[in-house]
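Undergrad:
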Amino acid sequence: MQNREVTKAIFPVAGLGTRFLPATKSIPKEIMTLVDRPLIQYAIDEARAAGITDFIFVTSRGKSALEDYFDHAPHLEDSLRSKGKDDLLEILRSTDMESGAIAYIRQKRAMGLGHAVWCARRLIGNEPFAVILPDDVIAAETPCLQQMTEAYRETGANMVAAMEVPPEKASAYGILDIARDMGDRVLVKGMVEKPALEEAPSNLAVIGRYILTPKVLHNLDQNLRHERFGAGGELQLTDAIAQEIDGQGVYGYRFGGQRFDCGSKAGFLQATVSFALARPELKGEFEDYLRDLFARPEAAE
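Residue 53 in our numbering is what sits at position 47 of the sequence shown, and the numbering runs on without skipping anything.
Structure representation (structure tokens):
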């Protein structure tokens, strides 16, 4: 019987973050902060809540600050402890990763998301695994990946997080062709990467959470060996997942929660405002500021 416990997750973080230059000239995009927590911390916390114990980062040159973020900081801890700042010490400890729990793999060529996942194949072996894109930050009462792992235990099939998008934005996503709609789950009969408006089979888009069977890694390997590249001339993860529609099966999962595209400046700002308003110690003062801001005549214009 196939193992249905998901304990490994891949975090593709090799991108250059060019949309956030000049900031990303010196710091990885993944440690840019929403309020006071880096993007990658939101992804790690979500993975932990879902039972992930092995964290695999696919990185590139210039990401050393990302690696340092998860390291032990004894001098800082000693300073906080000596000053009795136990609350800050507890926050700092939440960023530590246990020795052996985290691994870093270099993606030497920018060949797409599928290639980034393929780079981690030897650490996955023959187990199901999750893929988390830190750019997609999801605010949810039950973390998105936890919702998905609970559904995966029932199906044992490949699963992608999905949400409805305006039809005119379908060309920015992988879009699902639906065989059967079961509410929070849909059985998939096709997947189209970044289709033109008139070619999109639905408006149900794939976003950055996946639970995949090891057969997808085999498909990626074969597609790379035979140079079966997809949209943009890249090794597409969507293509390798679609190859399992008639095999182990593919489901789309309509998650509960709000997704923010923090790979864009507008999405990053929207997330910053939303997460700030969700913090009790910031909400009152920040709401007052926003109310005063939009009450000004120039804002009304």
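C-beta atoms are modelled at their ideal positions from N, C-alpha and C, and glycine is treated no differently.
(1) Put Met7 into one of helix, strand or coil per three-state DSSP.
(2) Would Phe61 be called buried (16 or more neighbouring beta carbons within 10 Å of its own) or exposed?
(3) Count the CB pairs spanning the region 284-295 and the region 147-162 that are closer than 8 Å, and state whether there are at least three.
(4) Which same chain residues end up closer than 6 Å to Met103 when comparing Cβ atoms and leaving out the 5 residues on each side of it in sequence?
(5) Leaving out five residues on either side along the sequence, give the residues of the same chain with a beta carbon under 7 Å from the beta carbon of Ala49.
(6) Would Trp124 and Leu223 be called neighbours here (beta carbons separated by less than 8 Å)?
(7) Which whole-angstrom value describes the C-beta separation of Ala79 and Pro34, a residue pair presumed to lie in contact below a C-beta threshold of 8 Å?
(8) Select from Val194, Arg115, Tyr179 and Lys271 the residue whose C-alpha is nearest the C-alpha of Asp185.
(9) Taking C-alpha atoms, which residue in Arg43, Gly196 and His121 lies nearest to Leu241?
(10) What residue does the beta strand (DSSP E) around Leu210 start on, and which one ends it?
(11) Measuring CA to CA, which of Asp51, Glu73 and Tyr259 is closest to Ser105?
(12) Could you check which residue in Met165, Pro220 and Ile46 has the C-alpha nearest to that of Asn132?
(13) Considering only C-alpha positions, which residue in the set Ile46, Tyr257 and Thr24 is nearest to Gly196?
(14) For the structure I just gave you, are there three or more beta carbon pairs, one from the region 263-273 and one from the region 225-235, closer than 8 Å?
(15) Applying the criterion that 16 or more other CB atoms from any shown protein chain within 10 Å of the CB defines a buried residue, is Thr148 buried or exposed?
(16) Considering just the uninterrupted stretch of the alpha helix (DSSP H) at Gly106, what are its terminal residues?
(17) Is there contact between the region 169-177 and the region 194-214, where contact requires at least three CB pairs shorter than 8 Å?
(18) Grouping DSSP H, G and I as helix and E and B as strand, with all else coil, what is Phe274?
(19) Give the secondary structure of Ala206 by DSSP, where H, G and I count as helix, E and B as strand, and everything else as coil.
(20) Which residue or residues does DSSP assign as beta-bridge partners of Thr65?
(21) Roughly how many whole angstroms lie between the Cα atoms of Val12 and Asp245?
(22) Considering just the uninterrupted stretch of the beta strand (DSSP E) at Asp298, what are its terminal residues?
(23) Based on the DSSP output, what are the partners of Asp183 in its beta bridges?
(24) Under 6 Å Cβ to Cβ from Gly255, same chain only, skipping five residues before and after it: list those, please.
(25) Short of 6 Å in beta carbon distance, which residues of its chain neighbour Phe261, apart from the five on each side in sequence? Order them along the chain.
(26) Return the residue from the list Leu82, Ala146, Ser88 and Gly57 that minimises the CA-CA distance to Ala136.
(27) Please report how far the alpha carbon of Arg54 lies from the alpha carbon of Gln47, in whole angstroms.
(28) Would you mind reading off the limits of the beta strand (DSSP E) that contains Gly258?
(29) Grab me the residues of Ile130's own chain with a C-beta within less than 8 Å of its C-beta, minus the 5 sequence neighbours each way, in chain order.
(30) With a 10 Å radius around its C-beta and 16 neighbouring C-beta atoms as the bar for buried, classify Asp42 as buried or exposed.
(31) Rounded to whole angstroms, what is the Cα-Cα separation between Ser32 and Asp187?
TA: The short version:
(1) Translated into positions along the sequence shown, residue 7 becomes position 1. Interpretation of Met7 is limited by its pLDDT of 45, a score under 50 that renders its predicted location unreliable; the figure taken from the coordinates is listed afterwards. It is coil, neither helix nor strand.
(2) For the purposes of this step, residue 61 is identified with residue 55 of the sequence shown, where counting begins at 1. Its Cβ being crowded by 16 or more others within 10 Å, Phe61 is buried.
(3) Under the three-pair Cβ rule at 8 Å, the region 284-295 does not count as touching the region 147-162.
(4) Your numbering for residue 103 matches position 97 in the sequence shown. Contacts found: Phe76.
(5) To locate residue 49, count along the sequence shown from 1; it is residue 43. Result list for Ala49: Phe17, Ile138 and Pro140, in chain order.
(6) One-based indexing of the sequence shown puts residue 124 at position 118. One-based indexing of the sequence shown puts residue 223 at position 217. Yes.
(7) Translated into the one-based positions of the sequence shown, residue 79 becomes position 73. Translated into the one-based positions of the sequence shown, residue 34 becomes position 28. So it is not a contact: roughly 18 Å between Cβ atoms.
(8) Mapped onto the sequence shown, residue 185 falls at position 179. According to the sequence provided, residue 185 is Ala. The question's Asp does not apply to it. Here the closest residue by C-alpha is Val194.
(9) For the purposes of this step, residue 241 is taken as residue 235 along the sequence shown, with counting starting at 1. Among Arg43, Gly196 and His121, the Cα nearest to that of Leu241 belongs to His121.
(10) What you label residue 210 is simply residue 204 of the sequence shown in a count that begins at 1. Residue range Leu210 to Leu218 is occupied by the beta strand (DSSP E) that includes Leu210.
(11) One-based indexing of the sequence shown puts residue 105 at position 99. It is Glu73 whose Cα lies nearest to the Cα of Ser105.
(12) The residue labelled residue 132 in the question sits at position 126 within the sequence shown. Taking only the C-alpha atoms, the option nearest Asn132 is Pro220.
(13) Position 190 of the sequence shown, counted from the start, is the residue given in the question as residue 196. Of Ile46, Tyr257 and Thr24, the smallest CA-CA separation from Gly196 is found for Tyr257.
(14) With the cut-off at 8 Å, the region 263-273 and the region 225-235 do not touch.
(15) Sequence index remark: in the sequence shown, residue 148 carries index 142 (1-based). The residue in question, Thr148, is exposed, as its Cβ has fewer than 16 Cβ neighbours within 10 Å.
(16) Within the sequence shown, residue 106 is the residue found at index 100, counting from 1. Here Gly106 belongs to no alpha helix (DSSP H), and DSSP marks it neither H nor E.
(17) Result yes; three or more Cβ-Cβ pairs closer than 8 Å.
(18) One-based indexing of the sequence shown puts residue 274 at position 268. Residue state for Phe274 is assigned as helix, using DSSP reduced to three classes.
(19) Here residue 206 is taken as the residue at index 200 of the sequence shown, counted from 1. In this structure, Ala206 counts as coil in the three-state DSSP scheme.
(20) Along the sequence shown, one-based indexing puts residue 65 at 59. Paired residue(s): Arg112.
(21) In the sequence shown, residue 12 corresponds to position 6, counting from 1. In the sequence shown, residue 245 corresponds to position 239, counting from 1. Taking the straight line joining both Cα atoms gives about 22 Å.
(22) Here residue 298 corresponds to residue number 292 of the sequence shown, with the count starting at 1. Per DSSP, Asp298 belongs to no beta strand (DSSP E); it is in the alpha helix (DSSP H), Pro286 to Ala301.
(23) Translated into the one-based positions of the sequence shown, residue 183 becomes position 177. Asp183 is bridged to Gly196.
(24) Your numbering for residue 255 matches position 249 in the sequence shown. Result list for Gly255: Ala163, in chain order.
(25) One-based indexing of the sequence shown puts residue 261 at position 255. If we look at Phe261 and ignore the five residues flanking it on each side, its Cβ neighbours are Cys150, Gln153 and Ala167.
(26) Numbered from its first residue, the sequence shown carries residue 136 at position 130. For the residues Leu82, Ala146, Ser88 and Gly57, the minimum Cα distance to Ala136 belongs to Gly57.
(27) Walking along the sequence shown from the start, residue 54 turns up at place 48. Walking along the sequence shown from the start, residue 47 turns up at place 41. The straight-line gap from Cα to Cα measures roughly 10 Å.
(28) Mapped onto the sequence shown, residue 258 falls at position 252. Its beta strand (DSSP E) spans residues Val256 to Arg260.
(29) Locating residue 130 in the sequence shown gives position 124, where the first residue counts as 1. These residues qualify, in order along the chain: Lys14, Ile16, Ile62, Pro220 and Leu223.
(30) Looking up residue 42 in the sequence shown gives position 36. Result: exposed.
(31) Along the sequence shown, one-based indexing puts residue 32 at 26. Along the sequence shown, one-based indexing puts residue 187 at 181. If you draw a straight line from the Cα of Ser32 to the Cα of Asp187, it is about 45 Å long.
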